[in-house]
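In the order they appear, the protein sequences are chains R and X. With my numbering applied, the first sequence covers 477 to 697. With my numbering applied, the second sequence covers 4 to 101. Ideal Cβ placement from N, Cα and C applies to all residues, glycine included. Please read these numbers as outputs of a predicted model, since none were measured by experiment.
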Amino acid sequence: MPEAVHHHHPALAHHFDDLEQQKEAATLGMWVFLVTEVLFFGGLFLVYTVYRAWYSEAFAVASHELDVTLGTINTAVLITSSLTMALAVHAAQLGQRRLVIIFLVATMALGAAFLGIKSIEYYHKFTEHHVPGPSFAFEPHEYARHAQIFFSLYFIMTGLHALHMVIGLGIMTWMLWWAWRGTITAEYYSPIEVSGLYWHFVDIVWIFLFPLLYLIGRHVH
Amino acid sequence: MSTEHVVPTRVYYTIFGILMLCTYLTVQIAVFDLGALNTIAALVIAVFKATLVVLFFMHVKYSTRLTWAVVLGSVFWLGIMLALTMSDYLTRAWMTFG
Chain R
477 MPEAVHHHHP
487 ALAHHFDDLE
497 QQKEAATLGM
507 WVFLVTEVLF
517 FGGLFLVYTV
527 YRAWYSEAFA
537 VASHELDVTL
547 GTINTAVLIT
557 SSLTMALAVH
567 AAQLGQRRLV
577 IIFLVATMAL
587 GAAFLGIKSI
597 EYYHKFTEHH
607 VPGPSFAFEP
617 HEYARHAQIF
627 FSLYFIMTGL
637 HALHMVIGLG
647 IMTWMLWWAW
657 RGTITAEYYS
667 PIEVSGLYWH
677 FVDIVWIFLF
687 PLLYLIGRHV
697 H
Chain X
4 MSTEHVVPTR
14 VYYTIFGILM
24 LCTYLTVQIA
34 VFDLGALNTI
44 AALVIAVFKA
54 TLVVLFFMHV
64 KYSTRLTWAV
74 VLGSVFWLGI
84 MLALTMSDYL
94 TRAWMTFG
């Protein structure tokens with residue numbers, strides 16, 4: 477018994493009562509996905525914790541080989557990208573199409589800068605023979621075997637994080653297209669909102685990776 | 004539109020400032036040899052930063068109770084995984100000394 481003729485927004489899917497409910501469902505769905513991501517990265521942090529508890533000295537010495545300056549710059553770059561992402565969502569809520577586009581482009585540029593700096597670090601690790609495998613070499617020699625475990629974890633964890641960044645850049649390209657063609661409005665901004673949730677999550681993973689990988693050996697000489 | 008909440012941009016800039024300050028702090032603290040406190044300090048700062056991102060950038064502060072339950076649930080299950088596994092690994096040597 478319709479009390480009034482419902483004004484249907486073109487973005488409203490038929491199985492939702494209204495856009496509000498649709499947005500809540502989208503947010504909840506993204507959070508449920510992020511729970512699986514927390515446990516996915518959580519498993520890696522668990523492996524890190526076990527090995528670090530066993531070989532804490534070797535881990536500290538190996539960590540000392542990482543470039544703290546580049547790591548710190550990258551942390552700042554990623555936090556700034558989270559700010560521009562939050563501002564993109566804010567602009568989307570207010571239906572400011574131009575600002576959404578500007579902040580999405582800024583977020584993508586910072587994300588690309590992060591990956592660029594990361595690749596410089598990877599390159600250094602290759603030239604220093606710190607990539608696990610047959611050509612791995614580490615001084616002092618007595619730490620070499622356990623240092624290789626540290627660098628294995630370093631590459632797996634930062635590599636999977638970087639993969640998430642690449643996927644994030646893909647999502648942002650998609651959102652940029654939607655913002656550009658006018659799909660994103662003040663009534664329908666949940667795609668930007670949930671993309672932002674993903675982006676911020678990847679930032680949080682780095683917030684933990686940075687001190688646990690780069691800083692544990694800083695006081696070792 | 005009851006749950007819709009447009010956060011003023013100054014909140015985002017403030018959070019950004021605190022996150023940057025915490026990054027600086029964590030890098031500076033790591034220089035000093037504090038023993039086990041190094042890791043604890045690094046983790047306390049990281050958890051604080053992550054909490055700010057979740058509450059403000061990810062809008063959980065303004066979200067429904069269901070979202071809160073899901074977010075806290077992920078942390079809880081992560082805690083179970085870490086605590087139970089470490090209680091095993093860290094106590095394996097006890098037998099040999101007993």
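Minimum C-alpha distance to valine 642 of chain R - residue among R:Val576, R:Gly505, R:Asp679: In the first sequence, residue 642 of chain R corresponds to position 166, counting from 1. Cα-wise, what sits closest to valine 642 of chain R is R:Asp679.
Best match in R:Arg657, R:Ser595, R:Glu604 for proximity to alanine 538 of chain R [C-alpha to C-alpha]: Counting from 1 along the first sequence, the entry for residue 538 of chain R is found at position 62. Measuring from the Cα of alanine 538 of chain R, the nearest candidate turns out to be R:Glu604.
DSSP-derived helix/strand/coil call for glycine 38 of chain X: By one-based count along the second sequence, residue 38 of chain X stands at place 35. In the structure shown, glycine 38 of chain X adopts coil according to DSSP, grouped into three states.
Residues that leucine 673 of chain R contacts on chain X, provided the C-beta gap is smaller than 7 Å: Start at 1 with the first residue of the first sequence, and residue 673 of chain R comes out as number 197. Residues of chain X passing the Cβ test: Met61.
Per-residue contacts from phenylalanine 19 of chain X into chain R (C-beta, under 7 Å): Numbered from its first residue, the second sequence carries residue 19 of chain X at position 16. Listed along chain R, the residues sitting closer than 7 Å to phenylalanine 19 of chain X by beta-carbon distance are Ile555, Leu559.
C-alpha gap between tyrosine 664 of chain R and tryptophan 80 of chain X, whole angstroms: Your numbering for residue 664 of chain R matches position 188 in the first sequence. Your numbering for residue 80 of chain X matches position 77 in the second sequence. Cα to Cα, the separation comes out at about 33 Å.
Alpha-carbon to alpha-carbon, tyrosine 65 of chain X and threonine 6 of chain X: Position 3 of the second sequence, counted from the start, is the residue given in the question as residue 6 of chain X. Position 62 of the second sequence, counted from the start, is the residue given in the question as residue 65 of chain X. Residue placement at threonine 6 of chain X is flagged as unreliable, the pLDDT there being 48, under the threshold of 50; the coordinate-derived value follows with that caveat. C-alpha separation (whole angstroms): 7 Å.
Cβ-based burial, serine 574 of chain R [other Cβ within 10 Å; buried from 16]: As a position in the first sequence, residue 574 of chain R is number 98, starting the count at 1. The residue you asked about is not serine; residue 574 of chain R is arginine in the sequence shown. Looking at its Cβ environment, which holds fewer than 16 other Cβ atoms inside 10 Å, arginine 574 of chain R is exposed.
Cβ distance (whole Å) where valine 553 of chain R is taken to contact alanine 502 of chain R below 8 Å: Position 77 of the first sequence, counting from 1, holds the residue named residue 553 of chain R. Position 26 of the first sequence, counting from 1, holds the residue named residue 502 of chain R. Not quite, the Cβ-Cβ distance comes to about 28 Å (not below 8 Å), so this is no contact.
Test: alanine 562 of chain R CB closer than 8 Å to a CB of chain X: Within the first sequence, numbered from 1, the residue matching residue 562 of chain R stands at position 86. For alanine 562 of chain R, the answer is yes, since a Cβ of chain X falls inside 8 Å of its Cβ.
Assigned exposure category for valine 606 of chain R - 16 Cβ within 10 Å defines buried: Looking up residue 606 of chain R in the first sequence gives position 130. Residue 606 of chain R is actually histidine in this sequence, not valine. The residue in question, histidine 606 of chain R, is buried, as its Cβ has 16 or more Cβ neighbours within 10 Å.
Cβ neighbour criterion (16 or more within 10 Å) applied to threonine 54 of chain X: Stepping through the second sequence from its first residue, residue 54 of chain X is reached at position 51. Counting Cβ neighbours within 10 Å, threonine 54 of chain X comes out exposed, since fewer than 16 surround it.
CB contact check: alanine 568 of chain R to chain X, cutoff 8 Å: Along the first sequence, one-based indexing puts residue 568 of chain R at 92. It does not; no Cβ of chain X falls within 8 Å.
Sequence-distant residues of the same chain with beta carbon closer than 8 Å to leucine 37 of chain X, five excluded per side: On the second sequence, position 34 is the one that residue 37 of chain X refers to. So the qualifying residues of the chain are Ala44.
Residues near histidine 62 of chain X by beta carbon distance below 8 Å, same chain, minus five either side: The residue you call residue 62 of chain X lines up with position 59 of the second sequence. Answer for histidine 62 of chain X: His8, Val10, listed in chain order.
Backbone secondary structure at aspartate 494 of chain R - three-state DSSP: Taking the first residue of the first sequence as 1, we reach residue 494 of chain R at position 18. Residue state, collapsed to three classes: coil.
Glycine 587 of chain R, buried or exposed, once every other Cβ within 10 Å from all chains shown has been counted against 16: Residue 587 of chain R sits at position 111 when you count from the first residue of the first sequence. Using a 10 angstroms sphere on the CB of glycine 587 of chain R, the tally of other CB atoms reaches 16 or more, which defines it as buried.
Segment contact, 8 Å Cβ cut-off, at least three pairs: the stretch 68-75 of chain X with the stretch 16-36 of chain X: Result no; under three Cβ-Cβ pairs closer than 8 Å.
Interface residues of chain R facing alanine 96 of chain X [CB-CB closer than 8 Å]: What you label residue 96 of chain X is simply residue 93 of the second sequence in a count that begins at 1. Within 8 Å Cβ-Cβ: nothing; alanine 96 of chain X doesn't reach chain R, min ~10 Å.
Cutoff 8 Å: lysine 64 of chain X Cβ touching any chain R Cβ: In the second sequence, the residue the question calls residue 64 of chain X occupies position 61. Residue-level contact check: lysine 64 of chain X does not touch chain R, since none of the beta carbons of chain R fall below 8 Å from its beta carbon.
Interface flag, tryptophan 653 of chain R vs chain X, CB-CB below 8 Å: The sequence position of residue 653 of chain R within the first sequence is 177, counting from 1. It does not; no Cβ of chain X falls within 8 Å.
Meets three-Cβ-pair contact criterion under 8 Å: the stretch 683-692 of chain R and the stretch 519-537 of chain R: The stretch 683-692 of chain R vs the stretch 519-537 of chain R: in contact.
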